[in-house]
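> Questions regarding the structure given below will be posed in turn.
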Ligand SMILES: Cc1ncc(C[n+]2csc(CCOP(=O)(O)OP(=O)(O)O)c2C)c(N)n1
Ligand SMILES: Cc1ncc(C[n+]2csc(CCOP(=O)(O)OP(=O)(O)O)c2C)c(N)n1
Ligand code: SF4
Ligand code: SF4
Ligand SMILES: [Mg+2]
Ligand SMILES: [Mg+2]
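Here it is in structure tokens:
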């Protein structure tokens, strides 16, 4: 599957004019993905980008790989067919908070629990961009939009918690203004064997400008973001002086020296769940990085192995033995 | 809303012949619900049972209340309309593992996150009963059914984990052969203000007989089930001699005396999540009871209050001021 | 085949051309097995046959109640037949509920075999029967044979090691034995089957065999019949035969269709009555390389199939009406991306959840028109259980040759019905191998995903193909390049191109042939499962001296060429349909100047040939 | 209204009956605001008018590119008009992309006003224009007015406190001022509007006003025009008017419809272009007691609406084609449970995602036939922006009076188009108050949910009503009791009853009236948004000496009574549709013996009246 020629980021740029609004966070995400694709060394011909509908779902057009811009919310379902039918392909899904968590929530849930080996990028801008600014399932309660003039009355999903609740084997978060972190996260996700879910905090300059500024803004982010690095202590802060210490189910903001070491591979996803809700505690940072990375058999592998096993046991079937089977009788 | 006359269980029995297979776990669940309805004292006229499609979804026909047997998977969506349009009604949803977690997973997720004040009973028999025995999203990997002759290749959902991942405010589990426990659980769920989710281990005598026997069978259940009672120590065992002790994210099987006290109202749902996965650890019991019970504003309340607020602010609108608004001009 | 010693051979043996039996009992009574065994044996002795099981409504109702009744009707004959028959000659009723539910259909003068052992007060009450019908005169006009089968089987298995419950479970084989005697059938095929089925519990096999033999040899009962019957072998076309059910034939056809195209079959499906068994059957054929995916819902099922087709598999999806409704958005995507896709709709009673276990043909207009925008999809329909095999292959052919979704309609009546299937010459099956774009090197011309071949089909390049990387999707495509295009003229061009492509399928389908006179007063036109009934009705008319012609339409969209001329040869065209006249509506829209007479029946069950015969004489007398 | 001092009043003032202007610029240039202001002012001076915005394709493309072009066309007149006009008389092009995209539509001899400030090399490149069209002869045949608006506005706002960027944002008001001058319109209404809009940033209001006044007073530019125009007030029927957009009218109508029925309006919806603004508008009317629920998808949206109707609200759902596809299963449920429900489909270009921002009428067959089983639903369609109000009320009336889902079709052209709306006499609006079953005491007769009223509607008992507790669902219902029934005859009865009920709506709808001669050679028949164009075309024919009649159909299913007789009076019936002939197909199916000529156009945009005029002369000359 891997191609020996050395691929560059440019190889993954398509000839299509990119049509997001100037300043949209999607540009940076595209860039990062193109870099990671080059680094993975998987040929363009063996790579497929699948998306639903939304600004973010225009993604496949900008990749010089195979691509499928499907219908709203259904990218995981189409990708399931693609990956199961041809497990050799490297399959990516680009989706939005509306596409992936509103209309497409069920397909997302099921692809995660089935653990297909795909990489899912959820562009979370807490708004419906393409349809011009309605609230989404990740919009904070109270957000005023065209359809919530008195403020949204929905309690939002936490995409990380949702993915964990679906038993996902790889769950991570990154944000659009940190190319390095995105690249690192995307690469880990792509290399993970199984369904990888990555939430990306993405700015929509038009309909929800600055929605993540309180945590990702250059001025505050060192103190407001905690990068979960498997096997590393949970340290953050401009001076890397702060840490998170786990006690029971509680997290405590501590000095760097007392920080607990982050284990993304724990058998239970409870620690990841705790982390995903950490920022609801006053004074706690907002976690990014890898929440969970465990291994489990992939759907497409087991599917293929059952077919192989059946063939091995009874021989490959032909139309003749399909038709001339069961109780037959002759009429002369 | 509450009715002053004393209601009895019989009042909630409809005149319809119950048509489940003899021995089906659904009968006991029906019984328990009828008892609880009587105990709640809410008039039949103010109670609505909503269901999707499946054996379990026949439920509304057997209740003498208002009822809606909708289409496959959509009960939460219909119930959302019912409850939002008339917050005074007591609304129940009866659904199956297929209806609620396969085709209807997304609606279930969204009603939970929105926190409508409804009571959801998920009859989990780990199989599609009505369509005669295909595997479901809760069937254990490897289960052989009509559609999985070599064993199911899906990793199952854990319904409790799923509900927690959707940020549900009340999450519980019970089982069909323990009327008392069912009644206690249903009553707590019904009295909870907000979306209550109850998974019920339900035996399907025809297509999945004994699916929960390893934990609910009379002979083993005392030692295999741990009943989570908010505020009580986590003690179990025929002699109530065993306990569960929580250390960090780990649970340890201990003596009764060392058992931790169960807190279903913790701000974070991580403890509930830990419990929901506990039985994956060797030697651990299978948890039932109340995993989570926290309070949050309900969708229908806030929806109604925005309407009330708008009316208070600007006066109740009439057709005239709807039409004769904006910039108008006269033509003589 | 050795012949069994014949008890009661002193009784008169009467030849019959065609017999219809209905077995009816409680869901737990094993009536489906009984019926199927009788069918297999009749097949083995060379009868033509057709069967129709009648399952109880979705949920297993309590034992002994009317909703719990399970029935199985079969027609076996020495002549060519096409339906399981209008009214049974013989009704086997294992309990009062079975009798109550089925007696109305029995032919006047027909035989009732009633298991008196199950006609106790309690049984009557469960069946909501006030007075024991075996004891008042409500069965006047029928010949009633009363047998306490419970007792008989207990006697026959007296001393067996089985529990009482297990002994009673052999009742259906006692009954079967009795019927085998009545119709002079051999026991051996069933004995063989039993021994195989209970290979691991020989005592069960033997008990059932003993029970069956007891029924076969019950001289005192035989007396009551005053004679037994023989239905000689039918003159069937020479060949190898097997009994096949509709859904099974579809499954075999879909797998074969993919293989004929040189593609891997990928089925994305979600269980739904009465389509589920296609998925179940295909899931059991893994050694044919079939990949089945049980999806979370119908939308995911079709989407996965589209995804699989994108990679070069032949994507398929199977469902029933409500599932089709859910798939309609994705079908539009299929139209737009122009990938092969076979969509099977096993129709059931509607609207909405409707009558899930009953049959109907009311999804035709949905199939042809039920999508947003101009989204043409070819539609064809299965005529009979075995026809499912050919139709499935034909659906695959169209999908692959024209790069298009195809809808294949069947219905509940066909799905569960069975008939003998003369097995095809495998080497003579049509071949329509799919062609993929070859990899292209650096300098090669750019791959144009929306260029067109001789059938207006677009070229298929699958992931893994170097140099043909491209993007597809549901937005309007630019002709040739396939890039997104909002251009007005291009849109019109593409709308017309998709329409032309689908209409162009006409070039590959034959004008259906008229059976009977090629012109005249009346043509009976049918589609789908009315096929057999219409032929039976026409044959009955012919026997009664009235020649009427019939025409069966396999292809419903596009309509084949030549129909206008053909219709012009008839004064009137009668269209019986299990809906409110959907094909009639389509035909009127296309060929406004013919005299179409719509003949609707929407009762969740097939037409009786009598109904059509009567309608024909009504029309011709006018 | 005070009149502004008139600069350039020395130039000749020419009267015009009807002017079409198109404003075109980059998405960021504020062309929609400019267009809307010109429209409001024209309305205020008493013109008749019609507008059509042309939004860029879904995503904001990079500034200056062709996909980023945003346009707004308006037609204002002193005569009765019905469309925004075929070809603009004046094109305002703020950049080369806007020019390139729109020039093809400009009337021969028309005026181009080009902002030369945005025709730099860089701008040309972004627009993929090779040579500056202002500098070669590609604009021959047009009068080209070149103005460096960038520079002009900078000059006008020299010394302002605003940033350069903010100053440049006033360009559109400079342009608007220029157009106001050209067509002799007052500035006051816009000044007022600006002051209100920027109440919190007065400096912005003033800057824009200054810019506008500068454009209005730019004498040197005025010279280039060699004259200015006046379009006197139209003779409109007396009354109070307001400008209304299609989706807005629908929202107001839906709210009013519920109120007229005495019900709470409940809208379950999921955003989708071009329907979203109905949800947005209704969400802003909470003080009318409207409850809006933004669902997780279209299925949940319609299901919630059905749930709300179950409780006694008037459930509604709004969407576009792909959403309708998703809702089709639930629509079947609506048919089965017979609850009122209004389903709005604002059609867009299809199939699949298609052309989301373009218009089409290709969902008609889906509306009428796109469900499994026999699931009849009445269908009606909106003719023009203001007609949305009446149609929405009519849809509510049918839903409530007949206890049925109703589909109301609109399209992208109507959704975003605007016209003056003569406000109705609120007291004269139809009333169709819903009746709920009263509570019943112990001894009262049992509530029969599937008994029937005079219109075959079933009685509506809502939760909270003592003694009327009952269950509904999607399985077939027993007549009267509403219990589940698998009975064959009952099923047929219910299928026919549902059909009759919907067909019975005919009794409450008028035969549409023919405009023009009541019989003759040709009738132009239209539905939905072709309304205005057909009338314009007929009027043009009339002016040219050919009388053709027109007929507009609001009710599409069931078809109103009297059509057969009406059609019989014409030799031919021309049916222009923005699809491949869907209404023509339906009419042929119902009235096979008339001469329907289908006239399809599927370019994602409305017909031009010219096209219809030409088609008419084609037909009449034959
Ligand atoms: C079936 C269907 N319903 C609705 C839409 C309209 N629609 C397109 S994109 C979108 C939401 C996009 O939001 P998100 O996924 O967050 O993507 P973003 O544009 O914010 O990147 C909606 C509602 C559609 N295209 N199809
Ligand atoms: C749209 C649609 N798809 C499929 C079905 C068929 N169907 C009915 S019930 C069911 C699954 C039932 O499983 P579950 O919810 O677990 O209920 P159970 O019967 O086990 O109680 C399915 C697939 C349907 N009725 N409608
Ligand atoms: S609308 Fe928002 S999300 Fe969409 S392209 Fe523009 S900035 Fe990006
Ligand atoms: S099939 Fe199973 S779940 Fe359904 S009624 Fe029977 S025992 Fe209960
Ligand atoms: Mg978004
Ligand atoms: Mg189940």
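Residue numbers (our numbering), protein chains in the order written: chain H, 12 to 343; chain C, 12 to 343; chain E, 3 to 624; chain W, 3 to 624. Built from N, CA and C at the ideal position, the CB exists for glycine as well.
(1) Taking 8 Å as the cut-off, is the C-beta of residue 68 of chain H nearer than that to any heavy atom in ligand 3?
(2) Count the other C-beta atoms from every protein chain shown that fall within 10 angstroms of the C-beta of residue 12 of chain H, then say buried if there are 16 or more, exposed otherwise.
(3) Sort E:64, E:140, E:40, E:156 by Cα distance to residue 188 of chain E and report the nearest one.
(4) Any beta carbon from chain H within less than 9 Å of residue 4 of chain E's own beta carbon?
(5) By a C-beta neighbour count over all protein chains shown, 10 Å radius and 16 as the cutoff for buried, is residue 433 of chain W buried or exposed?
(6) Indicate whether at least one CB of chain W lies closer than 9 Å to the CB of residue 339 of chain H.
(7) Check this for me: beta carbons of residue 347 of chain W and residue 411 of chain W, under 9 Å apart or not?
(8) 9 Å is my cut-off, CB to CB: does residue 28 of chain C come that close to chain E?
(9) Could you give the DSSP three-state label for residue 349 of chain W: helix, strand or coil?
(10) Could you tell me the alpha carbon to alpha carbon distance between residue 526 of chain E and residue 232 of chain E, rounded to whole angstroms?
(11) In the DSSP assignment, find the unbroken beta strand (DSSP E) run with residue 323 of chain C in it and report its ends.
(12) List the residues of chain C that residue 288 of chain W touches, going by C-beta distances under 7 Å, in chain order.
(13) Going by CA-CA distance only, name the one from W:601, W:420, W:97 that's closest to residue 27 of chain W.
(14) Can you list, in chain order, the residues of its chain with a C-beta nearer than 7 Å to that of residue 420 of chain E? Leave out the 5 residues immediately preceding and following it.
(15) Judging by CA-CA distance, which residue of W:265, W:591, W:181, W:129 is the nearest neighbour of residue 114 of chain W?
(16) What's the gap between the Cα of residue 331 of chain W and the Cα of residue 354 of chain E?
(17) Tell me, to the nearest whole angstrom, how far the beta carbon of residue 152 of chain E is from that of residue 179 of chain E; I am working on the premise that it is less than 8 Å.
(18) For residue 621 of chain E, which residues in the same chain have their Cβ closer than 7 Å to its Cβ, ignoring the five residues on either side in sequence?
(19) Can you list, in chain order, the residues of its chain with a C-beta nearer than 8 Å to that of residue 233 of chain C? Leave out the 5 residues immediately preceding and following it.
(20) Examine chain H for any beta-carbon lying closer than 9 Å to the beta-carbon of residue 460 of chain E, and answer yes or no.
(21) Name the DSSP beta bridge partners of residue 28 of chain W, please?
(22) Under a CB-based cut-off of 9 Å, is residue 163 of chain W close to chain C?
(23) Can you name, in chain order, every residue of its own chain whose Cβ lies under 7 Å from the Cβ of residue 330 of chain H, other than the five neighbours on each side?
(24) Given a threshold of 16 other Cβ atoms within 10 Å of its Cβ, counted over all protein chains shown, does residue 81 of chain E qualify as buried or as exposed?
(25) Alpha carbon to alpha carbon, what distance is there between residue 582 of chain W and residue 326 of chain C?
(26) Would you call residue 289 of chain W buried or exposed, if buried means 16 or more other Cβ atoms sit within 10 Å of its Cβ?
(27) Apply the 10 Å Cβ neighbour rule to residue 174 of chain H and answer buried if 16 or more other Cβ atoms are within range, or exposed otherwise.
Taking the geometry as given:
(1) Residue mapping note: residue 68 of chain H aligns to position 57 of the first chain, counting from 1. Checking every heavy atom of ligand 3 against the Cβ of residue 68 of chain H, none is found closer than 8 Å.
(2) As a working note, residue 12 of chain H is residue 1 in the first chain. Note that residue 12 of chain H has pLDDT 39, beneath the 50 cutoff, so the model's placement of it is unreliable and the number below is only indicative. Residue 12 of chain H comes out exposed.
(3) Here residue 188 of chain E refers to the residue found at position 186 of the third chain. The candidate whose alpha carbon is nearest that of residue 188 of chain E is E:40.
(4) In the third chain, residue 4 of chain E corresponds to position 2, counting from 1. Low per-residue confidence applies at residue 4 of chain E: pLDDT is 39, beneath 50, and the placement is therefore not dependable, though the value from the model is reported in the following sentence. So no, residue 4 of chain E is outside the interface.
(5) Your numbering for residue 433 of chain W matches position 431 in the fourth chain. Exposed, since its Cβ has fewer than 16 Cβ neighbours within 10 Å.
(6) Within the first chain, numbered from 1, the residue matching residue 339 of chain H stands at position 328. Chain W contact via Cβ: absent.
(7) Locating residue 347 of chain W in the fourth chain gives position 345, where the first residue counts as 1. Locating residue 411 of chain W in the fourth chain gives position 409, where the first residue counts as 1. Yes, the pair counts as a contact, with Cβ atoms nearer than the cut-off.
(8) For the purposes of this step, residue 28 of chain C is taken as the residue at position 17 of the second chain. Yes, residue 28 of chain C lies at the interface with chain E (some Cβ there is under 9 Å from its Cβ).
(9) To locate residue 349 of chain W, count along the fourth chain from 1; it is residue 347. DSSP places residue 349 of chain W in strand when its eight states are reduced to three.
(10) Along the third chain, one-based indexing puts residue 526 of chain E at 524. Along the third chain, one-based indexing puts residue 232 of chain E at 230. Approximately 34 Å, taken between the alpha carbons.
(11) As a working note, residue 323 of chain C is residue 312 in the second chain. Run containing residue 323 of chain C: none in the beta strand (DSSP E); it sits in the alpha helix (DSSP H), 310 to 325.
(12) For the purposes of this step, residue 288 of chain W is taken as the residue at position 286 of the fourth chain. Under the 7 Å cutoff, chain C gives 317, 318, 321.
(13) Residue 27 of chain W sits at position 25 when you count from the first residue of the fourth chain. Of the listed residues, the one whose Cα sits closest to residue 27 of chain W is W:97.
(14) Within the third chain, the letter at position 418 stands for residue 420 of chain E. These residues qualify, in order along the chain: 41, 53, 245, 246, 247, 387.
(15) Here residue 114 of chain W is taken as the residue at index 112 of the fourth chain, counted from 1. Ranking the options by Cα distance to residue 114 of chain W, first place goes to W:181.
(16) On the fourth chain, position 329 is the one that residue 331 of chain W refers to. On the third chain, position 352 is the one that residue 354 of chain E refers to. Approximately 7 Å between the Cα atoms of the pair.
(17) Translated into the one-based positions of the third chain, residue 152 of chain E becomes position 150. Translated into the one-based positions of the third chain, residue 179 of chain E becomes position 177. Not really, about 15 Å apart at Cβ, beyond 8 Å.
(18) Counting from one through the third chain, the residue named residue 621 of chain E turns up at place 619. Closer than 7 Å at the Cβ level, and outside the excluded window around residue 621 of chain E, lie 524, 574, 576, 599.
(19) Taking the first residue of the second chain as position 1, residue 233 of chain C is located at position 222. Hits under 8 Å: 247, 248, 249.
(20) As a position in the third chain, residue 460 of chain E is number 458, starting the count at 1. No, no contact with chain H.
(21) Here the question's residue 28 of chain W lines up with position 26 in the fourth chain. Answer is W:71.
(22) For the purposes of this step, residue 163 of chain W is identified with residue 161 of the fourth chain, where counting begins at 1. Closer than 9 Å: no.
(23) Position 319 of the first chain, counted from the first residue, corresponds to residue 330 of chain H. Within the same chain, residue 330 of chain H has no close Cβ partners at all.
(24) Here residue 81 of chain E corresponds to residue number 79 of the third chain, with the count starting at 1. Under this definition residue 81 of chain E is an exposed residue.
(25) What you label residue 326 of chain C is simply residue 315 of the second chain in a count that begins at 1. What you label residue 582 of chain W is simply residue 580 of the fourth chain in a count that begins at 1. Computed Cα separation, rounded: 49 Å.
(26) Here residue 289 of chain W refers to the residue found at position 287 when the fourth chain is read from its first residue. The residue in question, residue 289 of chain W, is buried, as its Cβ has 16 or more Cβ neighbours within 10 Å.
(27) Counting from 1 along the first chain, the entry for residue 174 of chain H is found at position 163. Residue 174 of chain H should be labelled buried.
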